[in-house]
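Q:
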Amino acid sequence: MLISTSRKPSSKTRAFCKNLSHALDTDYVNRGKMSMRELQLKSNSLGLDNIVLVYEMKGNPSKITFFSNDGEELLVILGSVNTTNQRLHIKTSELSFKSEIPELDLLSDIFPINDSNDNYNENHIYVEKLEDYDDEYDDIEDFNKRIGIIHFYNRDGNDTGLKINIRKIID
Numbered sequence: 006m007l008i009s010t011s012r013k014p015s016s017k018t019r020a021f022c023k024n025l026s027h028a029l030d031t032d033y034v035n036r037g038k039m040s041m042r043e044l045q046l047k048s049n050s051l052g053l054d055n056i057v058l059v060y061e062m063k064g065n066p067s068k069i070t071f072f073s074n075d076g077e078e079l080l081v082i083l084g085s086v087n088t089t090n091q092r093l094h095i096k097t098s099e100l101s102f103k104s105e106i107p108e109l110d111l112l113s114d115i116f117p118i119n120d121s122n123d124n125y126n127e128n129h130i131y132v133e134k135l136e137d138y139d140d141e142y143d144d145i146e147d148f149n150k151r152i153g154i155i156h157f158y159n160r161d162g163n164d165t166g167l168k169i170n171i172r173k174i175i176d
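Taking our numbering, the leading residue of the sequence shown gets 6, the next gets one more, and so forth.
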């Protein structure tokens, strides 16, 4: 998986992308003026299968879009993120995945996950469901509610502080 950003990312967006690339042991590239096609070629040349683009609103990461190398949009997550300045200490070779939100089960195929590890106390990604998933929002207050959080746990089973707060899922 190759991680990149929108054209002119803020420092918060770059920090999140670097945190995510360390957590998943994947490559992160500064996009600059690269087109989507150039990102696909870069991903192919590195032997990677997917591309993740992180977009921002008002300087904060707000949309994460997952693409196949063919340019097919696989999944879009709208929300916000929490980053950390601490070392993550995630042993990515033993990373596992558990989700309470069925629409996000696809992440286990996108992220470099070791499916044989059933120990969810350490080195895992956990998708916590906060509220019932609903495609329709009555007002802006409903839109701002989180429906879930993606947590990243390290080799000691501690929450790393890196989180993706999910407000809406588009698949």
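Glycine included, C-beta positions come from ideal geometry on N, C-alpha and C. Model, not experiment: these values are computed from the prediction.
1. Quick check on DSSP: helix, strand or coil for residue 62?
2. From residue 43 to residue 13, what distance separates their C-alpha atoms?
3. Can you look up residue 150 in the DSSP assignment and give me helix, strand or coil?
4. Taking residue 96 as part of the alpha helix (DSSP H), name the residues at either end of that continuous run.
5. Which residue marks the beginning of the alpha helix (DSSP H) containing residue 43, and which one marks its end?
6. Rounded to whole angstroms, what is the Cα-Cα separation between residue 59 and residue 15?
7. Can you tell me which of the three DSSP states residue 202 falls into?
8. Measuring only the C-alpha atoms, how far is residue 23 from residue 153?
9. Determine which residues share a DSSP beta bridge with residue 111 and list them.
10. What residue range is occupied by the uninterrupted alpha helix (DSSP H) comprising residue 24?
11. By the 10 Å Cβ neighbour count, where 16 or more other Cβ atoms means buried, how is residue 128 classified, buried or exposed?
12. Would you kindly report the start and end of the unbroken beta strand (DSSP E) that includes residue 130?
13. Taking 7 angstroms as the limit between beta carbons, can you name the residues of its chain near residue 20, skipping five residues before and five after?
A: In this structure, then:
1. strand
2. 16 angstroms
3. It is coil, neither helix nor strand.
4. Premise fails: residue 96 is in no alpha helix (DSSP H) and is neither H nor E.
5. Residue 43: member of the alpha helix (DSSP H) spanning 41-50, first to last residue.
6. 11 angstroms
7. This structure does not reach residue 202, given that the chain is present from 6 up to 176, and the question cannot be answered.
8. 22 angstroms
9. Note: residue 111 sits in no beta bridge, so no partner.
10. 16-29
11. Buried: at least 16 other Cβ atoms inside 10 Å.
12. That run of the beta strand (DSSP E) goes 129-134.
13. Excluding positions up to five away in sequence, the list reads 88.
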